[in-house]
Structures are given as C-alpha cells and as structure tokens.
Amino acid sequence: MSLFSFFSLLNTLPIDKIPGWISFGSSAVAVLAVLIVVHEFGHFITARAVGVRVQKFSIGFGKKLFGRTYGDTEYMLCLIPLGGYVKFYGDDPDEPVENEQDSFLNQDVWKRLAIVVAGPLFNLILTVFIIMSAAIVGMPVLKTDTVGEKPVFIVAALNTLNQTDAPPIISHVKEGSPADVAGMQSKDKVITIDGAKIVTWADMVQIVKQAPGKQLEVVVERAGGTKATLQITPEAIEREMPDGKKISVGRLGVSHQSVSGEPVVESYSVPTAFLKGLEWTWDLTYLTVLSLKKLVSSEIPAKEIAGPVGIMQMAGHAADAGLVNLLMFIGIISVNLGILNLLPIPVLDGGHLVFFTLEALLGRPVPLKTQEVAQQVGIALLMTLMAFAFYNDIMRLVSG
Numbered sequence: 003m004s005l006f007s008f009f010s011l012l013n014t015l016p017i018d019k020i021p022g023w024i025s026f027g028s029s030a031v032a033v034l035a036v037l038i039v040v041h042e043f044g045h046f047i048t049a050r051a052v053g054v055r056v057q058k059f060s061i062g063f064g065k066k067l068f069g070r071t072y073g074d075t076e077y078m079l080c081l082i083p084l085g086g087y088v089k090f091y092g093d094d095p096d097e098p099v100e101n102e103q104d105s106f107l108n109q110d111v112w113k114r115l116a117i118v119v120a121g122p123l124f125n126l127i128l129t130v131f132i133i134m135s136a137a138i139v140g141m142p143v144l145k146t147d148t149v150g151e152k153p154v155f156i157v158a159a160l161n162t163l164n165q166t167d168a169p170p171i172i173s174h175v176k177e178g179s180p181a182d183v184a185g186m187q188s189k190d191k192v193i194t195i196d197g198a199k200i201v202t203w204a205d206m207v208q209i210v211k212q213a214p215g216k217q218l219e220v221v222v223e224r225a226g227g228t229k230a231t232l233q234i235t236p237e238a239i240e241r242e243m244p245d246g247k248k249i250s251v252g253r254l255g256v257s258h259q260s261v262s263g264e265p266v267v268e269s270y271s272v273p274t275a276f277l278k279g280l281e282w283t284w285d286l287t288y289l290t291v292l293s294l295k296k297l298v299s300s301e302i303p304a305k306e307i308a309g310p311v312g313i314m315q316m317a318g319h320a321a322d323a324g325l326v327n328l329l330m331f332i333g334i335i336s337v338n339l340g341i342l343n344l345l346p347i348p349v350l351d352g353g354h355l356v357f358f359t360l361e362a363l364l365g366r367p368v369p370l371k372t373q374e375v376a377q378q379v380g381i382a383l384l385m386t387l388m389a390f391a392f393y394n395d396i397m398r399l400v401s402g
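Each residue of the sequence shown is one higher than the last, beginning at 3 in my numbering.
Next up, the structure:
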C-alpha cells in the first residue's frame with residue numbers, strides 16, 4: 003500500500019557533507035524501520051477494524067529474509083529496506099475470492115478510503131508523540147516564526163527572544179551565514195555593536211533586527227579572553243506581520259546560550275508537551291507541503307532532493323547529537339513520509355485515494371486498464387526520482 007520515498011527530505015533539513023557516512027547506516031535503518039512499521043500498522047489495524055483480512059505484513063521489498071505466520075497474517079522482513087507493504091485478501095481483481103465478506107475490494111468505498119488514509123495518518127500521530135516526548139525530556143528553545151510564507155524553525159535565533167536576560171554568548175554559528183563569513187565563533191561573547199554596549203541577548207537582537215543589509219562593527223571576546231573586531235552584514239529576511247504587512251529584518255545566523263553557558267533547553271509538562279507536539283506536527287506538515295510546492299516551481303533546486311545516503315548522514319548526525327535531536331529528526335522524516343505518501347501518484351497511498359474517491363463520486367470503479375497504466379506510470383516516475391536522489395548523493399560524496 004505504500005512506498006517509502008528516500009527523496010522525502012526536500013528542503014526541510016540541510017544536507018551536510020559528512021565523511022564516513024557508512025557508519026551512520028545503523029541509525030538510518032533503525033529510523034526507517036520504526037517509521038515503516040508505524041505506517042504499515044496504520045493500514046493493518048484499520049483493515050482489521052473494518053473486517054478486511056490481512057494476508058501479509060512486510061517490512062522491506064524483494065526476497066523474504068524472515069517470516070512468521072500468526073492467525074491469517076504472515077509477518078515478513080524482506081531484503082530491500084526501501085519501504086513496506088500490507089497485502090489484503092482480495093485486493094487483486096484477478097485473484098479468486100472464496101469469501102467476499104473479508105475481501106478488500108468487496109468493502110464499501112469509505113472503508114477502503116479509511117484503510118488508505120490510515121498509514122499517513124499514523125505517521126502524523128507518531129510525530130505528535132515524538133515531539134511530545136522530546137518536549138518532556140527537554141528540548142532546545144524553539145519557536146515557529148514566519149518569514150514570508152515559509153515557517154522557520156529557530157533554535158534561540160536572533161529574531162526570537164525567549165529569554166531577554168540571556169547573555170550574548172554564541173552557542174552555534176550556522177555555516178555560510180553572515181556571522182560565519184565574518185569569522186564569528188562558538189563561545190564568542192558580543193561586547194559591542196557599532197560602539198553600543200551589549201549586555202544581554204535582547205540588546206543584540208534589537209540592533210541586528212533593525213540593520214538588514216547594513217554593515218555592523220561587532221566586538222567579541224573570545225574564549226581565551228582575547229578580543230576581536232568583526233565586520234558583519236546581517237542577512238535581510240522578509241517577515242510577514244499579523245496584519246499582512248511585510249517588513250525586512252536582519253539576521254546573523256547564530257544561536258545563543260543560557261546564563262550557565264549551556265544551550266537553552268526547556269522541559270514541559272505532559273499537557274503542554276502534547277500541545278507542543280500538535281503545534282510542531284502542524285508546522286512540519288505545512289513546511290513539507292510548502293517545500294513540495296517550491297520544488298515544483300523550482301524555488302528549491304532539484305539538487306536538494308536527498309537519497310538514502312543523505313538520510314544515513316543525517317540520521318547518524320542526529321543520533322550522535324543525542325536523544326532529543328534523534329527524536330526531532332525522526333519526527334521530521336515521519337511527517338515527510340506521511341505527506342508524500344498522500345501525493346496523487348499511483349502505487350502511493352495518494353494514488354489509491356484518487357481511485358477510490360473517483361469511485362465514490364462516479365458510483366463505479368475506475369476501469370482496471372486505466373489503473374494498470376497509471377500504476378506503470380507511477381512506478382516509472384518514482385524510480386526516476388529515486389535514481390535522481392541517488393545521483394545527488396553520489397555528487398555530494400564526490401564533491402567532498
């Protein structure tokens with residue numbers, strides 16, 4: 003019923019050039035396995051709930067490596083970990099059916115629609131609880147802001163101020179940002195900007211936000227006590243205000259530290275964490291849809307499409323960064339998996355959704371020949387995209 007799209011990251015995460023990516027394989031496989039199991043379980047449990055017999059529950063494609071039969075269902079682990087599938091009794095029109103009562107195609111169309119939607123829906127539900135878990139454990143202070151149309155997830159960034167009395171100590175400098183280009187370093191403490199004394203992070207935010215595209219003279223104190231003077235031109239970022247008016251604000255591309263010098267982390271109560279999970283899942287869903295739109299319109303370069311190597315890199319990097327980072331990574335991939343499987347491409351859940359919706363509207367199934375041709379086109383399209391994703395991965399590795 004579904005195919006895991008390795009090109010699903012799009013532009014929601016940066017692809018770093020990480021040497022030794024093969025060592026990250028175990029983290030990537032573990033991440034994919036969890037998401038595939040949850041996705042297919044959504045199809046499985048819904049089918050059982052509406053009375054459809056499930057013949058096979060497979061993680062992976064191709065040659066069967068392991069299998070056990072419990073009740074009416076064979077549970078399998080297959081060689082190619084690019085996705086999974088659930089085989090329903092009577093889902094093939096050419097397959098002889100002895101008992102139509104628990105046959106997939108014999109069910110009311112609304113039941114088949116529910117089964118199809120359940121996989122992606124379970125991925126979104128999983129994301130809610132993943133983000134909730136991260137919020138309970140303690141996650142970096144993050145806020146969803148809006149830059150034009152695109153939500154930006156900011157880790158205590160300059161245009162987000164959650165702790166007005168936090169010291170102006172740099173925790174992280176984003177690669178390629180104005181701060182990075184100017185030579186700002188992690189653990190730098192900002193002393194002055196254009197001669198104005200900086201005491202708190204709020205002081206710095208105020209000046210930087212009001213200086214998009216304007217060169218600033220920034221004096222910092224390094225970890226060893228030495229001082230350095232940097233010339234930094236904040237990046238001009240367009241923000242849409244609640245009244246719809248768009249303004250330009252400055253951003254350096256850095257995150258800050260708490261008073262103790264550690265990155266700002268906040269834990270939440272269970273009810274609040276649950277609301278955080280809902281909020282973030284909605285934001286990630288919006289970002290995924292927006293990324294797809296921008297990819298189609300070429301606002302996002304096609305080279306940003308990531309393949310299995312890209313996912314291995316990021317999964318390993320996230321695992322190395324700790325539990326919370328890994329949870330956040332899984333949440334992002336889970337949303338991508340859910341949304342992309344709803345694309346109206348035959349062989350994906352979205353393709354089945356289109357066929358069954360047309361059946362409900364027309365009062366009759368889409369002709370089998372039409373479905374077969376559409377399936378072949380869908381497979382060809384997915385294989386082309388996956389090949390392109392592999393190509394992107396190879397080019398990243400070759401370029402270092």
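Think of the CB as a built atom: it goes at the ideal place given N, C-alpha and C, for glycine as much as any other residue.
All values reported here derive from a predicted model rather than from experimental measurement.
- In this structure, DSSP gives Leu350 a state outside helix and strand, which the three-state scheme calls coil.
- Nearest neighbour of Gly252 by Cα position, chosen from His258, Leu232 and Gly215, turns out to be Gly215.
- Closest option to Asp190, judged by alpha-carbon separation, among Val220, His41 and Ala225: Ala225.
- Residue nearest to Gly73 within the set Phe63, Gly85 and Lys58 is Lys58 (criterion: CA-CA distance).
- Between the alpha carbons of Val40 and Leu339 lies a distance of about 11 Å.
- Here Asp351 is buried: its Cβ has 16 or more other Cβ atoms, across all protein chains shown, within 10 Å.
- A straight-line Cα-Cα distance of about 8 Å links Val256 and Ser179.
- At a cut-off of 4 residues, the continuous stretches assigned as alpha helix (DSSP H) that sit fully inside the stretch 325-392 are 325-342 and 351-364.
- Taking the C-beta atoms as reference points, Gln212 is found no nearer than 8 Å to Thr235.
- With fewer than 16 other CB atoms across the displayed protein chains lying within 10 angstroms of its CB, Gly64 is exposed.
- As computed with DSSP, Leu79 is found in a beta bridge with Ile61 and Phe68.
- Put simply, the backbone Cα of Trp282 is about 10 Å away from that of Val337.
- Between the alpha carbons of Lys296 and Gln103 lies a gap of roughly 45 Å.
- Cβ contact annotation for Glu237 (same chain, cutoff 6 Å, sequence separation greater than five): Pro180 and Arg253, in chain order.
- Between Phe331 and Met134, the gap from beta carbon to beta carbon reaches 8 Å or more.
- Secondary structure note for Gly215: it is in no beta strand (DSSP E), with a DSSP letter that is neither H nor E.
- In this structure, Val31 places its C-beta atom within 8 Å of the C-beta atom of Pro83.
- A residue is called buried when at least 16 other Cβ atoms come within 10 angstroms of its Cβ; Thr290 meets this threshold and is buried.
- Excluding its 5 nearest sequence neighbours in each direction, Tyr77 has C-beta neighbours in its own chain below 7 Å: Phe59, Gly69 and Arg70, listed in chain order.
- Residues Pro348 of the same chain have their beta carbon placed closer than 8 Å to that of Val379, with the five preceding and five following residues left out of the count.
- Bounds of the alpha helix (DSSP H) holding Lys113 are Val111 to Val139.
- In the same chain as Ser271, and ignoring 5 residues on each side of it, no C-beta atom comes closer than 6 Å to its own.
- The beta carbon of Val99 sits closer than 6 Å to the beta carbons of Gly92 and Ser105 from its chain, once the five residues preceding and following it are set aside; these are given in chain order.
- Taking a cut-off of 8 Å for Cβ pairs, the stretch 108-116 and the stretch 350-367 touch, as three or more such pairs fall below it.
- Out of Leu328, Ile335 and Glu361, the CA that lies nearest to the CA of Val139 is found in Leu328.
- For Ser250, the enclosing beta strand (DSSP E) has its first and last residue at Lys248 to Arg253.
- In chain order, Val192, Ile195, Leu232 and Ile234 place their CB closer than 7 Å to the CB of Val220, counting only its own chain and leaving out the 5 sequence neighbours on each side.
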